[in-house]
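Chains as they are written, first to last, in the numbering used here: chain A, 479 to 821; chain B, 479 to 821.
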DNA sequence: GCACGGCGTGGGAGCGCTCCCAACGGCGAC
DNA sequence: GTCGCCGTTGGGAGCGCTCCCACGCCGTGC
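Structure representation (structure tokens):
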């Protein structure tokens, strides 16, 4: 039951001054007490805490921020134009992990979206406008102007995914897409599949490119252009790409899709064409998303360590913020093959 | 190209004072100019704008917030313990719509999660601690303490979904779950299905309860307890509930599932039991989520006007913030039947 | 015995903005 | 011609906090 004690502030809320008066110490001492308690005697600490409890005091974030020049919050920026990540369960996962990890470090998470050109512009203003101390970015497409501006502003930033063209200048955490793609395609080959087709993701994204490169490395000399089709991660595009593949008349006994959702579309198309999965065509996905177990047959796919990468990103950002890390840091995390029924 | 002009502030960033000096007016006039321009001559406005552009000035949010007592930002709170909304595409949709609508009104969106008891407690502190001017809440379970605390704090709040037990004291925006359930169950009946089973959502959630009530109203006297099973929205629970229904030995020719995801699980279970959909059992879902078109056959379901409800919530919150609205406001939005192949 | 360093503390000086009041001038009304 | 009003402007007074310097005090080393 706070606030039945005399309080001076016109806002009605108790201030640090009220706490100081009640505890019988100075404003400076209370400030030190609520900021870690360095150079404060334990007895005084306790007394201050008691006063805080009695008054129901909580610091005014605006005042703290104005005086200290820090905000205590970090932005999570979704510079995703379309659906991939945004409509993905991973988005929620990221938010949850970030929020938890940052809270543990005494910071707040602030989520913003930047969809169009305007929003991206606005975003630059916002991020460099003193609203946040740092930022976590997802950027499937290379977004030169924003990245360049952020780099120039000196704002601590960690990118989720590999920022094509900015690998050197920024810190980032990514999945070893290429290695994972290699592993799953190699698995298909080991199962005796000799002609392996693929549906790639957008090749202007890092993941799209890398997964495709992993595929190419494994098929090596057996690479054939007519076994490759392109999608945009969506189930719809997976279906269309498969139909295109089939329409070419080339046959294949395995199909590596760069996303689970495309694999779902692919399975539907194969089934319509009278082909059995995995008997006629083994299908492999990527992501181990909820879609993976929702289709029949359940997808053999690759599990991406989203949680770990989120935690790693926060760790790096924290280092950047407290200047423990001064050079851009880059981390590549391994993923894991998940074998189910589709291949 | 900002900041090649002499700047006084020790932070390096130009302040309102620098702008005033360059524009040849006073601090007060610049403040008025950047806050709508009331009582400022057009010529002066232009001069101030020019100075702002030259210096690359942007307001310091902390200083503004400290002086004005407002923050300009609104929290979107996910007090969702588990997966339903969080792993849902709707979540992303909400974030996007909120972010867009608030930006349009000159505010920022701040997303926070509150999963455990601790976080909920923390959340109360946070929301009432002066970090935000108002909040948008999702709360599938009735969370008495948080709601009570928010109500008592006087913070403007709009709830997405019906806050059971707090319908009178808070503003909220919800879907007409009951009406929508009625409509789709009536549709099943109109298709000649005589024994309609249902898989409900959690009955301690408003939607779970209302959808069940809609079902009951339509089946009326033909209600049979053994045609009802319960789930938790997940596809897994839909599968389990269906197996349970089948195990009872009672037959049914239609199944209304309170979520698409449960319908997906139900279809898998029915298929395993050798029952055809929709021939033997017509299946209806709810939500019109991405899952709806991902299964075979595509789900007949109910489309929920998420976007509209998000926009409506912002509209109400805005009214609460600028005191245009003083009484709690309640809005119930209608949904729309979407007929596909499963029923 | 005395100088010195460091811990613990008090309080002045801002941080950059908004709010408000006083002052100024021009204009229509009487 | 004078009065009063309103639109416009300047600038003082904070908003509630952190930062930093100065001051006392105690313990240590010689």
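Each residue gets a CB set at the ideal place from its N, CA and C atoms; glycine is no exception.
**Item:** Strand pairing of residue 674/B, partner residues [DSSP]
**Value:** 732/B
**Asked** DSSP state of residue 696/A, grouped into three classes?
**Response** helix
**Message:** I'd like the list of long-range same chain contacts for residue 479/B, defined as Cβ closer than 6 Å, with 5 residues on each side in sequence excluded.
**Reply:** Because residue 479/B carries a pLDDT of 37, less than 50, the predicted location of this residue cannot be relied on, and the following value inherits that uncertainty. There are no such residues.
**Item:** Backbone CA spacing between residue 616/B and residue 726/A [nearest angstrom]
**Value:** 49 Å
**Request:** Leaving aside the five residues before and after residue 791/B along the sequence, list all residues of the same chain whose C-beta is less than 7 Å from its C-beta, in chain order.
**Result:** 614, 636, 638 and 651
**Asked** Can we say the segment 730-740 of chain A touches the segment 705-714 of chain A, given the rule of at least three CB pairs closer than 8 Å?
**Response** yes
**Asked** How would you label residue 545/B, buried or exposed, when you count the other beta carbons within 10 angstroms and need 16 or more for buried?
**Response** exposed
**Item:** Within the segment 510-578 of chain B, ranges of the beta strand (DSSP E) (whole runs, at least 3 residues)
**Value:** 551-556
**Prompt:** Considering residue 795/B, what are the terminal residues of the alpha helix (DSSP H) in which it resides?
**Reply:** 784-799
**Item:** residue 531/B: contacting residues in chain A (beta-carbon distance under 8 Å)
**Value:** Within chain A, no residue comes near residue 531/B; the closest Cβ sits about 13 Å away, beyond 8 Å.
**Prompt:** Mind pulling the chain A residues with CB within less than 8 Å of residue 772/B?
**Reply:** 713, 742, 769, 772 and 773
**Item:** Near-chain B residues of the segment 640-653 of chain A - C-beta to any C-beta below 7 Å
**Value:** none
**Request:** Please decide whether residue 536/B counts as near chain A, where near means a Cβ-Cβ distance under 9 Å.
**Result:** yes
**Request:** Assign residue 824/B to buried or exposed, taking buried as 16 or more other Cβ atoms, counted over all protein chains shown, within 10 Å of its Cβ.
**Result:** Any property of residue 824/B remains undetermined from this structure, which presents chain B solely from 479 to 821.
**Request:** Below 6 Å CB to CB, which residues in the same chain sit around residue 810/B once its five sequence neighbours on both sides are set aside?
**Result:** 652 and 654
**Asked** Hey, is residue 612/B's beta-carbon within less than 9 Å of any beta-carbon in chain A?
**Response** no
**Message:** For a contact defined as C-beta to C-beta under 9 Å, what are the partners of residue 589/A on chain B?
**Reply:** 554, 573, 577, 587, 588, 589 and 590
**Message:** Strictly under 9 Å for the Cβ-Cβ distance: is residue 701/B near chain A by that measure?
**Reply:** no
**Cut-off 7 Å between Cβ atoms - residues of its own chain near residue 612/B, not counting five sequence neighbours on either side** = 552, 633, 634, 635, 795, 798 and 799
**Message:** Out of 745/B, 789/B, 574/B and 510/B, which one is the CA nearest neighbour of residue 776/B?
**Reply:** 745/B
**Message:** By the DSSP assignment, the beta strand (DSSP E) with residue 779/B in it spans what residues?
**Reply:** 779-781
**Message:** As a quick exercise: from 760/B, 816/B and 548/B, pick the residue whose alpha carbon is nearest that of residue 671/B.
**Reply:** 760/B
**Request:** State yes or no: is the beta carbon of residue 608/A nearer than 9 Å to at least one beta carbon in chain B?
**Result:** yes
**Asked** How about residue 549/A: is its C-beta nearer than 9 Å to some C-beta of chain B?
**Response** yes
**Prompt:** Does the Cβ-Cβ distance between residue 674/A and residue 733/A come in under 9 Å?
**Reply:** yes
**Asked** Quick one: what's residue 814/B bridged to in DSSP?
**Response** 781/B
**Best match in 507/A, 770/A, 717/A and 819/A for proximity to residue 756/A [C-alpha to C-alpha]** = 819/A
**Message:** Let me check understanding here. Comparing Cα to Cα, which of 497/A, 502/A and 815/A lies closest to residue 663/A?
**Reply:** 815/A
**Prompt:** Taking only runs of the beta strand (DSSP E) that begin and end inside the segment 648-674 of chain B, which ones reach a length of at least 3 residues, in chain order?
**Reply:** 649-653
**Asked** Would residue 492/A count as contacting chain B if we go by Cβ distances under 9 Å?
**Response** no
**Prompt:** Which residue or residues does DSSP assign as beta-bridge partners of residue 765/A?
**Reply:** 781/A
**Request:** Give the straight-line distance between the Cα atoms of residue 491/A and residue 630/B, rounded to the nearest whole angstrom.
**Result:** 15 Å
**Request:** In angstroms with no decimal places, state the Cα-to-Cα distance between residue 628/A and residue 649/A.
**Result:** 12 Å
**Request:** With a cut-off of 8 Å on the beta carbons, I'd call residue 657/B and residue 812/B a contact; round off their distance for me.
**Result:** 7 Å
**Item:** CB contact check: residue 570/A to chain B, cutoff 9 Å
**Value:** yes
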